[in-house]
Amino acid sequence: MIFQAHLHVLEPAKMIPVFLVWILAMAISLILLFTKKLTKLLSIAILTVSFIVTGLIFGAMPNPVFPIQNIAVGINMNAPLQQLLPLAVILLVLIVTTILFGRIFCSYACPLGAIQEIMSKIQFKTSLKAQKKEKTIPLNSKIASYIRLGYFILFIGAGIIWGASVIQYLNIFIGLQIFANPLFPMIVIPAVLLGIIIITSILVYRPWCRLFCPFGTIAGFTSRFSKFVLCRTEDCTDCGLCEKICPTQEAELDSKKGECYLCNRCVEICPQNAIVYKTK
Ligand code: SF4
Ligand code: SF4
Numbered sequence: 481m482i483f484q485a486h487l488h489v490l491e492p493a494k495m496i497p498v499f500l501v502w503i504l505a506m507a508i509s510l511i512l513l514f515t516k517k518l519t520k521l522l523s524i525a526i527l528t529v530s531f532i533v534t535g536l537i538f539g540a541m542p543n544p545v546f547p548i549q550n551i552a553v554g555i556n557m558n559a560p561l562q563q564l565l566p567l568a569v570i571l572l573v574l575i576v577t578t579i580l581f582g583r584i585f586c587s588y589a590c591p592l593g594a595i596q597e598i599m600s601k602i603q604f605k606t607s608l609k610a611q612k613k614e615k616t617i618p619l620n621s622k623i624a625s626y627i628r629l630g631y632f633i634l635f636i637g638a639g640i641i642w643g644a645s646v647i648q649y650l651n652i653f654i655g656l657q658i659f660a661n662p663l664f665p666m667i668v669i670p671a672v673l674l675g676i677i678i679i680t681s682i683l684v685y686r687p688w689c690r691l692f693c694p695f696g697t698i699a700g701f702t703s704r705f706s707k708f709v710l711c712r713t714e715d716c717t718d719c720g721l722c723e724k725i726c727p728t729q730e731a732e733l734d735s736k737k738g739e740c741y742l743c744n745r746c747v748e749i750c751p752q753n754a755i756v757y758k759t760k
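Rendered as structure tokens:
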């Protein structure tokens with residue numbers, strides 16, 4: 481197996497439970513979104529299960545950046561197409577979910593997205609009164625997406641030019657191996673970076689997702705074409721509360737929703753109950 485020397489190898493038996501949790505987390509949160517039954521408590525419960533099971537127990541293996549990482553390394557090593565195909569299929573399936581349902585994978589299934597969302601709930605509140613006391617750092621979405629695109633190019637470039645020896649340090653999901661596989665040799669740098677990201681998430685909403693994640697770069701683009709999105713109905717009085725509470729400036733009427741993490745803050749704050757998850 482060409483990646484064995486450098487990377488944790490995907491074993492189908494270990495992947496199945498992770499895929500099952502991904503599917504369950506996405507299905508349950510979609511049902512709750514469609515039926516407007518997604519409460520803060522329920523979302524924390526789904527996020528916690530996703531993080532503990534796929535992140536801590538299974539060490540985030542696979543993770544959404546892994547296929548991108550290994551395709552780049554595979555190109556560097558001239559790997560045969562059939563070795564890259566399963567990775568490409570995983571990536572494609574995740575991309576298809578973004579075209580159908582927006583960032584539903586990022587919202588509730590991804591372990592790194594889940595821990596950042598949980599940490600964000602310490603400060604990023606769902607009431608404007610509480611929001612005034614927040615000591616958060618806003619990110620300009622446009623600048624953030626340029627930084628992320630730069631990281632994406634660096635990530636792919638590092639994999640294609642230098643192979644696994646460099647790219648594996650740029651995927652902080654590998655840091656989650658610290659619990660599942662503490663003797664895994666290259667976890668120290670990703671684990672330290674992961675710790676910094678988790679702590680920063682208290683001040684900055686989803687810093688890894690919005691500034692660095694290579695899958696986030698792809699999903700931020702493809703989810704702009706998503707079939708289902710959070711929309712305002714005719715009951716909207718244009719009070720602007722949803723825009724004030726949204727941590728990613730995606731509640732505006734003309735927003736493309738590429739950075740909407742379906743966090744539900746806009747739905748919860750709307751006094752008219754005028755935000756629904758439906759087809760565009
Ligand atoms: S942007 Fe990346 S890290 Fe964030 S939730 Fe999506 S896949 Fe996970
Ligand atoms: S529009 Fe903003 S507040 Fe509403 S779900 Fe999306 S990210 Fe959250």
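Numbering (the numbering used here), first residue to last: 481 to 760.
C-beta: ideal position from N, C-alpha, C; glycine also.
Does the Cβ of Thr728 lie closer than 6 Å to at least one heavy atom of ligand 2? For the purposes of this step, residue 728 is identified with residue 248 of the sequence shown, where counting begins at 1. Answer for Thr728: yes, Cβ within range of ligand 2.
From Ile579, Gln611, Gln657, residue whose alpha carbon lies closest to that of Ile532: Residue 532 sits at position 52 when you count from the first residue of the sequence shown. When each option's Cα is compared against that of Ile532, the closest is Gln657.
Just to confirm, is the Cβ distance from Ile647 to Gly637 under 7 Å? Taking the first residue of the sequence shown as position 1, residue 647 is located at position 167. Taking the first residue of the sequence shown as position 1, residue 637 is located at position 157. Not closer than 7 Å, so no.
In the DSSP output, what is Leu634 paired with across the bridge? Here residue 634 refers to the residue found at position 154 of the sequence shown. None; Leu634 has no bridge partner.
Leaving out five residues before and five after Cys746 in sequence, what residues of the same chain have Cβ atoms less than 7 Å from its Cβ? The sequence position of residue 746 within the sequence shown is 266, counting from 1. Leu710, Cys722, Ile725, Cys726, Ala731, Ile755.
Which of helix, strand or coil does DSSP assign to Val545? By 1-based counting over the sequence shown, the position of residue 545 is 65. If DSSP states are grouped into helix, strand and coil, Val545 belongs with coil.
So for Thr759, helix, strand or coil by DSSP? Counting from one through the sequence shown, the residue named residue 759 turns up at place 279. If DSSP states are grouped into helix, strand and coil, Thr759 belongs with the strands.
Neighbourhood of Lys605 by C-beta, 7 Å cutoff - its chain only, sequence neighbours within 5 removed: In the sequence shown, counting from the first residue as 1, residue 605 sits at position 125. Taken in chain order, the residues that qualify are Gln611, Glu614.
Does Arg712 come out as helix, strand or coil in the three-state DSSP assignment? As a position in the sequence shown, residue 712 is number 232, starting the count at 1. Assignment of Arg712 by DSSP, reduced to helix, strand and coil, places it in the strand class.
Can you give me the Cβ contacts of Met666 inside the same chain, cut-off strictly under 6 Å, excluding the 5 residues immediately before and after it? Counted from its first residue, the sequence shown places residue 666 at position 186. Same-chain partners within the cutoff: Gln648.
Can you name the start and end residues of the alpha helix (DSSP H) that Gly675 belongs to? Stepping through the sequence shown from its first residue, residue 675 is reached at position 195. That run of the alpha helix (DSSP H) goes 668-680.
Going by C-alpha to C-alpha distance, which of Cys693, Asn744, Lys758, Tyr757 sits closest to Ser607? Counting from 1 along the sequence shown, the entry for residue 607 is found at position 127. Per the Cα distances, Asn744.
Give me the Cα-Cα distance between Cys719 and Lys736, rounded to the nearest whole angstrom. On the sequence shown, residue 719 is found 239 positions in, with the first residue counted as 1. On the sequence shown, residue 736 is found 256 positions in, with the first residue counted as 1. Looking at the two C-alpha atoms, the distance is approximately 20 Å.
Quick check: is any heavy atom of ligand 1 less than 6 Å from the C-beta of Pro687? Within the sequence shown, residue 687 is the residue found at index 207, counting from 1. Because no heavy atom of ligand 1 lies under 6 Å away, the Cβ of Pro687 does not count as near it: no.
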